[in-house]
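Working notes, beginning with the structure itself.
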Amino acid sequence: MQAAMNTKRNLVTAALVAPAAAWLCVFLVLPFIAMLVFAFGERAPEGGYQAAFTFAQFANLPTRAAAFWNTLVLAPAGALLCLLVAYPVAYYLAVKANPRYRLILVSLVVVPFWTSLLVRTYAWMYILGSRGVPNLLAMIGIEDVRMLNTPGAVLLGIVYGYLPLMIMPIYVSLEKLDRRLLEASADLGARPVSTFFGVTLPLSLPGVTTGVALVTILLLGEYLIPQLLGGGKVFFIGNALVDLFLQSRNWPFGSAIAVTLVAVVVVVLMVAMRIAWKVAGTRQVDLV
Amino acid sequence: MTKWYRENAPITADKLADELMRLKRGSVTRRHFLGVTGLGLATAVLARQPGLFNSAAFADDLGTQMSIATWPNYHDPATFEAFTAATGVAVEVNVFGSNEEMLAKLQAGGTGWDLFVPTNYTISTYVKLGLIDELDMSKLPNYDASTENPRFTNEGIVDGKTYAVPKNWGTTGIAVNSDKIKAPVTSWKEFFDVAMTEADGRAMVHDYQLTTIGNALVSLGYSFNSVKPDELAKAEELLIKVKPHLYAINSDYQPSMRATDAWMTMCWTNDGAQLNRDMPEIQFVLGKDGGEIWSDFYAIPKSAANKAAGYALLNYLMTPENAVKEHIANGAPTTDSRVLKLLPAEVTSNKIVYPDEAALTPLEFGAAVTLTDPGRAELMARFKSA
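In order, the protein sequence lines correspond to chains A and B.
The number in the numbering used here is simply the position in the first sequence, starting from 1, with 18 added.
The number in the numbering used here is simply the position in the second sequence, starting from 1, with 186 added.
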């Protein structure tokens, strides 16, 4: 009897997990294995892949050091800048906003996702180009300002593009915040500022870590924004990959970089999860 | 039967009024107006043009859509609209920045292109890799090899077989906004000098190894096609020195030049002609120290899903009456003497489009080796990621 129930439970579990597992196997694990094989191969004379076993591609990684560096600096920087902009918005939505309008305000955050990021980034090209903001600045006497195709433009595009992904997790963790904790803090004589830093911020840290990890990981593979707002001069790993597959047709080297990037993402993710668990484990206060 | 019906169906009164308003507002060209309203077709029929719709190429079932891979600003959209109106086949246009990218997509497979526009130096490699078909000339009755200029067309023929037919020829020169840049720019050496001085932060190079590396080589006195490691190393040094001064590395430079975000760029003939036509202050010059002369071709990928439509569009584009419209719209010089005869004098006398022979003398055709040379590919990648 007990055994039969166990079998049934296992079958249900298998049925629930199967679609996702099959999907990941076909579209993640198999391509990743192909990539690993390619990474140890050689570029064919006309481009592409030819079988070999060599570590030459990995030895060649330092030639893309600049791209790795840009990515590893600009991705966390972009995520942190995103956080600075997103936190007050999320705080307002979760704590200060009139509950009657909260749902509308939250949906407004998501609305930009209805338009393709490509189109929205193109719009920024016109806003930051000579006939956009620099033209307006020239009217009030600030001449010859360059905005488009600078690292600043890339950072701006990143913050704009990824802001909703940062706001949502922080909003969710702040919304769950138990108001009685804030009242208790006030009753015990804490000023609003110390309540924020002593209670609100620590309790929202899981949301913050999720947001930062989410945005950082997506930024590690970013291609579009540096290409369009950086003029092809601000180079991310994503851009290096596109070039290797689409221009030099050096699949083995491209695969080696991609494998390395995946390894970096896994490390970043593990560190972020570790921090998130630690924070959640030690700070969570259960009132009931 | 249905196709005939659709072609001959008269435009509705509403649509005609609508198109007329668009024409008056200037949002469409007169050619577009004549095309969609059928007035152009009516004129053609009255003039007893040789029949387009009963030619051999249209005997096959063409399906309802096809796809072409080509270059930025390289066609008159009205041409495709007219083709769709005539055949019922919608044309999807994919735009590329380099031949390397086209080759990479074809090598990877599954492009869905039925026709594409490779440049002269790539065709032998496409043939070698078995990526393109030998053309069935019986499906291209409107192409006439005897009226083509062999100087521009011979690279479409490999081992006596025709794999590609020419679209047009052109050069890679320098577009300079003379309102912004006062220093003379007449050579690639001056191009790179000015890019680091007067045009600091305002110059563009292509996202394309052939021209960006080639012109850097020319500015140093080497061949446009060099693959010698020591010469490439010098070119790399120059490019990396110039990079911080560049506005962008991008082959689609027209938007930036038009917005005056960029003041100077490496530029293909047809873009030079278009820019100069709309903004006379943008001048197009050929490097007196050298540079590229090229011809672009039409070829059909072996993997094409709708070859019938690929041939039909190709035959349509090879018709001199259609080719001349394309020419006037995109500004690239023709290889076909039949088209040359139909062109208005203001086009044939345009020195950007048809420069003096002397200006062409220092120019070189791209060489096949540059397409696959790993040294050039890796140099370009290092330049971009530096």
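From the three backbone atoms N, C-alpha and C, an ideal C-beta is built for every residue, glycine too.
In chain B, which residues lie with their C-beta within 9 angstroms of the C-beta of N28 (chain A)?
-> Here residue 28 (chain A) is taken as the residue at index 10 of the first sequence, counted from 1. Here the premise fails: no neighbours, minimum Cβ distance about 40 angstroms.
Should S134 (chain A) be flagged as near chain B, meaning a C-beta pair shorter than 9 angstroms?
-> As a working note, residue 134 (chain A) is residue 116 in the first sequence. Judged by the 9 angstroms Cβ criterion, S134 (chain A) is not in contact with chain B.
In angstroms with no decimal places, state the Cα-to-Cα distance between A389 (chain B) and T358 (chain B).
-> The residue you call residue 389 (chain B) lines up with position 203 of the second sequence. The residue you call residue 358 (chain B) lines up with position 172 of the second sequence. A389 (chain B) and T358 (chain B): Cα-Cα distance of roughly 15 angstroms.
Taking N78 (chain A) as the reference, give the member of A:F254, A:G272, A:K114 and A:L166 with the closest Cα.
-> On the first sequence, position 60 is the one that residue 78 (chain A) refers to. Among A:F254, A:G272, A:K114 and A:L166, the Cα nearest to that of N78 (chain A) belongs to A:G272.
Contact set for T520 (chain B): own chain, Cβ-Cβ below 7 angstroms, skip 5 residues either direction = Your numbering for residue 520 (chain B) matches position 334 in the second sequence. Around T520 (chain B): N354, A509, H513 and L526.
Roughly how far, in whole angstroms, is the beta-carbon of L101 (chain A) from the beta-carbon of V226 (chain A), given that I think they are within contact range, below 8 angstroms?
-> If you number the first sequence from 1, residue 101 (chain A) lands on position 83. If you number the first sequence from 1, residue 226 (chain A) lands on position 208. With a Cβ gap of about 7 angstroms, L101 (chain A) and V226 (chain A) count as contacting.
So is R82 (chain A) in contact with chain B if we call contact Cβ pairs under 9 angstroms?
-> The residue labelled residue 82 (chain A) in the question sits at position 64 within the first sequence. Yes, its Cβ sits closer than 9 angstroms to a Cβ of chain B.
Would the beta-carbon of N306 (chain B) fall within 9 angstroms of that of G342 (chain B)?
-> Against the second sequence, residue 306 (chain B) aligns to sequence position 120. Against the second sequence, residue 342 (chain B) aligns to sequence position 156. Yes, the Cβ-Cβ distance between N306 (chain B) and G342 (chain B) is below 9 angstroms.
Determine the direct distance from the alpha carbon of C453 (chain B) to that of S535 (chain B), and round the result to whole angstroms.
-> Start at 1 with the first residue of the second sequence, and residue 535 (chain B) comes out as number 349. Start at 1 with the first residue of the second sequence, and residue 453 (chain B) comes out as number 267. The alpha-carbon atoms of S535 (chain B) and C453 (chain B) are separated by roughly 20 angstroms.
Rounded C-alpha distance that separates T308 (chain B) from A85 (chain A) | As a working mapping, residue 308 (chain B) is identified with position 122 in the second sequence. As a working mapping, residue 85 (chain A) is identified with position 67 in the first sequence. Spanning the two alpha carbons is a distance of roughly 29 angstroms.
Spell out the partners DSSP gives G66 (chain A) in its beta bridges.
-> Translated into the one-based positions of the first sequence, residue 66 (chain A) becomes position 48. Paired residue(s): A:N268.
Nearest to A146 (chain B) by alpha carbon, out of B:P530, B:W480 and B:N280?
-> In the structure as shown, chain B begins at 187 and stops at 572. Residue 146 (chain B) is therefore absent and cannot be evaluated.
Determine, using beta carbons only, whether F253 (chain A) comes closer than 9 angstroms to chain B.
-> Here residue 253 (chain A) refers to the residue found at position 235 when the first sequence is read from its first residue. Yes, its Cβ sits closer than 9 angstroms to a Cβ of chain B.
Report the residue from B:D379, B:T397, B:M504 and B:L315 whose alpha carbon sits nearest the alpha carbon of N411 (chain B).
-> Numbered from its first residue, the second sequence carries residue 411 (chain B) at position 225. If we check each option's Cα against that of N411 (chain B), B:T397 comes out closest.
Indicate whether at least one CB of chain A lies closer than 9 angstroms to the CB of Y433 (chain B).
-> As a first step, residue 433 (chain B) must be located in the second sequence, where it is residue number 247. Closer than 9 angstroms to some Cβ of chain A, the Cβ of Y433 (chain B) qualifies, so yes.
Assumed close pair I435 (chain B), R562 (chain B) - CB separation to whole angstroms, cut-off 8 angstroms = Start at 1 with the first residue of the second sequence, and residue 435 (chain B) comes out as number 249. Start at 1 with the first residue of the second sequence, and residue 562 (chain B) comes out as number 376. That pair is no contact at about 15 angstroms.
Residues, ordered as in the chain, of the stretch 83-96 of chain A that lie near chain B by beta-carbon distance below 8 angstroms | A84 and A85
Give the secondary structure of I235 (chain A) by DSSP, where H, G and I count as helix, E and B as strand, and everything else as coil.
-> By 1-based counting over the first sequence, the position of residue 235 (chain A) is 217. Helix at I235 (chain A).
Using 8 angstroms as the Cβ pair cut-off and three pairs as the minimum, do the stretch 425-442 of chain B and the stretch 373-389 of chain B touch?
-> yes
Tell me, to the nearest whole angstrom, how far the beta carbon of T339 (chain B) is from that of P352 (chain B); I am working on the premise that it is less than 8 angstroms.
-> The residue you call residue 339 (chain B) lines up with position 153 of the second sequence. The residue you call residue 352 (chain B) lines up with position 166 of the second sequence. Confirmed, about 5 angstroms.
To which residues of the same chain is V107 (chain A) closer than 7 angstroms at the C-beta, ignoring the five residues directly before and after it?
-> Mapped onto the first sequence, residue 107 (chain A) falls at position 89. Excluding sequence neighbours, V107 (chain A) sits near I185.
Could one say the Cβ of E193 (chain A) lies closer than 9 angstroms to chain B's Cβ atoms, at least one of them?
-> Locating residue 193 (chain A) in the first sequence gives position 175, counting from the first residue. False, the Cβ-Cβ gap to chain B never drops below 9 angstroms.
Residues from the stretch 247-271 of chain A in contact with chain B, defined by Cβ distance under 8 angstroms | G249, G250, K251, F253, N257, A258, D261, L262, F263, L264, Q265, S266, R267 and N268
Would you tell me roughly how many angstroms separate the C-alpha atoms of A4 (chain A) and V277 (chain A), rounded to the nearest one?
-> Residue 4 (chain A) lies beyond the stretch modelled for chain A, which goes from 19 to 306, so this question has no answer here.
Any chain A beta carbon closer than 9 angstroms to P304 (chain B) = By one-based count along the second sequence, residue 304 (chain B) stands at place 118. No, P304 (chain B) lies away from the interface with chain A (no Cβ there is under 9 angstroms from its Cβ).
P244 (chain A), enclosing alpha helix (DSSP H) - first and last residue | On the first sequence, residue 244 (chain A) is found 226 positions in, with the first residue counted as 1. Counting along the chain, the alpha helix (DSSP H) containing P244 (chain A) begins and ends at L242 to L247.
Can we say the stretch 460-480 of chain B touches the stretch 437-448 of chain B, given the rule of at least three CB pairs closer than 8 angstroms?
-> yes
Taking G170 (chain A) as the query, report the chain B residues whose CB atoms sit under 9 angstroms from its CB, ordered along the chain.
-> Here residue 170 (chain A) is taken as the residue at index 152 of the first sequence, counted from 1. Result: empty, since nearest Cβ-Cβ is about 14 angstroms, beyond 9 angstroms.
Considering only the beta carbon of each residue, do L292 (chain B) and F302 (chain B) sit closer than 9 angstroms?
-> For the purposes of this step, residue 292 (chain B) is taken as residue 106 along the second sequence, with counting starting at 1. For the purposes of this step, residue 302 (chain B) is taken as residue 116 along the second sequence, with counting starting at 1. Contact: yes.
When DSSP labels each residue in this structure, what does K194 (chain A) get in the three-state scheme?
-> Here the question's residue 194 (chain A) lines up with position 176 in the first sequence. Three-state DSSP puts K194 (chain A) in coil, outside helix and strand.
How is the beta strand (DSSP E) around K429 (chain B) delimited, first residue to last?
-> Looking up residue 429 (chain B) in the second sequence gives position 243. Taken as a continuous stretch (DSSP letters only), K429 (chain B) belongs to no beta strand (DSSP E), as it is neither H nor E.
Residue from B:A255, B:Y260, B:E287 and B:Q251 with nearest C-alpha to L264 (chain A) | Position 246 of the first sequence, counting from 1, holds the residue named residue 264 (chain A). Taking only the C-alpha atoms, the option nearest L264 (chain A) is B:E287.
Grouping DSSP H, G and I as helix and E and B as strand, with all else coil, what is L301 (chain B)?
-> Within the second sequence, the letter at position 115 stands for residue 301 (chain B). L301 (chain B): strand per DSSP, three-state reduction.
Is the stretch 400-410 of chain B touching the stretch 420-429 of chain B in the sense that three or more CB pairs, one from each, lie closer than 8 angstroms?
-> yes
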